[in-house]
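Taking the numbering used here, I'd label the letters of the sequence shown as residues 153 to 486.
Beta carbons are placed, not taken as given, at the ideal position from N, Cα and C, and that holds for glycine.
None of the values given here were measured: they were computed from a predicted structure.
Take a look at the structure below.
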Amino acid sequence: MASKELLVVSGVQPTGPMHIGNWAGSLRNWIDLQDKHPERCLFFIADYHSMTIEYDPKEKQSQILDLAATVLALGLDPKKSTLFVQSDVPEATELCWIFNTVTPIAEMERMTQYKDKAARHAKNINMGLLDYPVLQAADILLYGGNAVPVGQDQVQHVETTRVIARSFNKRFGAFFPEPKALLTDTPKVMSLTEPTKKMSKSHGEKSCLLLDDEPETVLKKMKAVPTEPTGVVTEDALETEAFAGVKLLLDLIELCEGKAARKAALAESPVKYGDLKKRAAEAVAGRFADYRAKKKELLKNPDRIRMVLASGGAKARAHAKQTMQAVLKVTGLR
Ligand code: ADP
Ligand code: TRP
């Protein structure tokens, strides 16, 4: 099962529109990796994972479709990558069960994201929330994945995948690889409203720049980024809490237009923050203009998107079935 060749696996939950943090930390890496390693990438929409928090069943299918349109509009090419919906491969839950039997509960209880979510959803601390990283390990190892593009906050889960692979291999013999997380150079984009915290949909829409936001919305949100009174921006100052919002504006410019644009934005001193916010808004809105148009086009034909997902699902499932046959054998169930 273990292979030296890179096999990329990643997923994202259909819990609402993607923000620029999701893109910067994970999705843009999906596209880079598929171009560098065509036919070695599997990407999926983690609908099983998304059931661990409260949701409206009537909305799930449109969230899945919207997310598929997002990744396709960002450049995911079904000829190079396998794109599918997690629940089209129910073997993931079967492998999750087997992994449950080799996973110490203590390992799960110390997960930062579990503790966070348990605190935020105190009325719904379900088993799925605790088991979430075990299912994630199954998602990755079902395909022999050894490279997992994710943002900073998912690194702990990828490390747990390694622990689970090791534990399985120790019990049943060398079988699974120990995958590594692949980070971009911006693994943690900060929140617009509280720039010392990570941008996250769980902190509310105002704190996130959505990839789908129209230019007016981007500008409006950018105006809310907190700045400081002096306008005197130095590299040292940018490391301080008071300048966290200013740093975010500059990071967004660099992310969308490159290092030279960031430098140009600092040409005048003191920096006029109103202008800097306009520059940042232009950079972001400009970077995603083509994406927005493409996504609207794609959504005109949802059946085509569903076909891409169905064919990706069939391919992924064939691979998963092979792995499960071997897993059942080494575990003594066949
Ligand atoms: P959210 O925190 O908004 O709910 P998710 O947990 O659904 O986002 O994350 C989806 C992917 O995007 C994961 O790989 C995650 O690590 C990455 N990601 C999420 N927020 C950020 C961020 N602010 N900066 C960089 N990457 C992020
Ligand atoms: N937990 C990931 C997130 O919230 C989504 C995910 C599920 C995932 N399974 C995965 C990511 C396997 C990478 C690999 O973003």
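Identity of the residue in the options nearest residue i by Cα
i, options, result
"E391", "I316, S352, P347 and V370", "P347"
"L418", "A437, V385, R444 and P242", "V385"
"T313", "V300, R444 and G325", "V300"
"R414", "E420, T253, G168 and D403", "D403"
"S463", "S354, R272, E259 and F236", "F236"
"A376", "G383, L363 and V398", "V398"
"E380", "L335, A412, G426 and K372", "G426"
"C408", "P378, M351 and F440", "F440"
"M351", "K452, F395 and L400", "L400"
"A478", "S162, D442, V460 and G296", "G296"
"T234", "W249, G465 and M476", "G465"
"S162", "L194, K188 and W175", "L194"
"E406", "G168, P422, T382 and A435", "A435"
"Q474", "R192, L247 and L281", "L247"
"P422", "D442, G438, I457 and T382", "T382"
"P331", "R318, M342 and V341", "R318"
"L282", "A326, I257 and K232", "I257"
Segment limits, alpha helix (DSSP H) that includes residue i
i, result
"G397", "A396 to E409"
"P367", "P367 to K375"
"A289", "M279 to L293"
"S202", "D199 to S202"
"S463", "P454 to V482"
"V310", "V307 to F324"
"V436", "Y425 to R439"
"T253", "T253 -> no alpha helix (DSSP H), and no H or E assigned at all."
"A274", "First-last for A274: undefined, no H or E at that position."
"R486", "From DSSP, R486 is part of no alpha helix (DSSP H); its letter is neither H nor E."
"E387", "E387 to L390"
"I205", "I205 -> no alpha helix (DSSP H), and no H or E assigned at all."
Element boundaries [beta strand (DSSP E), containing residue i]
i, result
"T234", "S233 to V237"
"P209", "Segment P209 to A225 is the alpha helix (DSSP H) holding P209; no beta strand (DSSP E) there."
"P301", "A299 to P301"
"A333", "K332 to L334"
"G163", "V160 to V164"
Contacts around residue i, its chain only, beta-carbon distance under 6 Å, and the 5 residues preceding and following it disregarded
i, result
"M374", "K429, A432 and A433"
"A154", "The predicted model places A154 with a pLDDT of 48, which falls under 50 and marks its position as unreliable, so this point remains unresolved."
"Q165", "A198, H201 and S202"
"A472", "V241, E243 and L294"
"A389", "F395"
"E420", "none"
Beta-carbon contacts of residue i that lie in its chain and below 8 Å, excluding the five residues immediately before and after
i, result
"D337", "none"
"G356", "T345"
"V460", "A220, L224, P230 and L235"
C-beta neighbour in chain C for residue i, strict 8 Å
i, result
"T255", "Protein chains in the displayed structure number just one, and chain C is not present."
Supposed close pair residue i, residue j - CB separation, criterion 8 Å
i, j, result
"P227", "I183", "According to the sequence displayed, residue 227 carries Gly and not Pro. With a Cβ gap of about 4 Å, G227 and I183 count as contacting."
"L363", "I216", "No, L363 and I216 are not in contact; Cβ-Cβ is about 17 Å, not under 8 Å."
"Q288", "D229", "Actually they are not in contact, since the Cβ atoms of Q288 and D229 sit about 25 Å apart, beyond 8 Å."
"T483", "F324", "6 Å"
"T255", "I292", "Actually they are not in contact, since the Cβ atoms of T255 and I292 sit about 14 Å apart, beyond 8 Å."
"S343", "S354", "No, S343 and S354 are not in contact; Cβ-Cβ is about 10 Å, not under 8 Å."
Close Cβ partners of residue i (< 7 Å) along its chain, the five nearest in sequence each way excluded
i, result
"L334", "N181, A299, V300 and P301"
"P339", "G177, G303 and Q304"
"P454", "L217"
* Contact between the region 263 to 270 and the region 303 to 312: three or more CB pairs below 8 Å? -> yes
* Asked: Is the region 197 to 210 touching the region 439 to 451 in the sense that three or more CB pairs, one from each, lie closer than 8 Å?
  -> no
* Should the region 311 to 326 be regarded as contacting the region 238 to 246, the criterion being three or more beta carbon pairs within less than 8 Å? -> no
* To do: Please determine if the region 176 to 193 and the region 365 to 373 are in contact, where contact requires at least 3 C-beta pairs separated by less than 8 Å.
  => Segments in contact, no.
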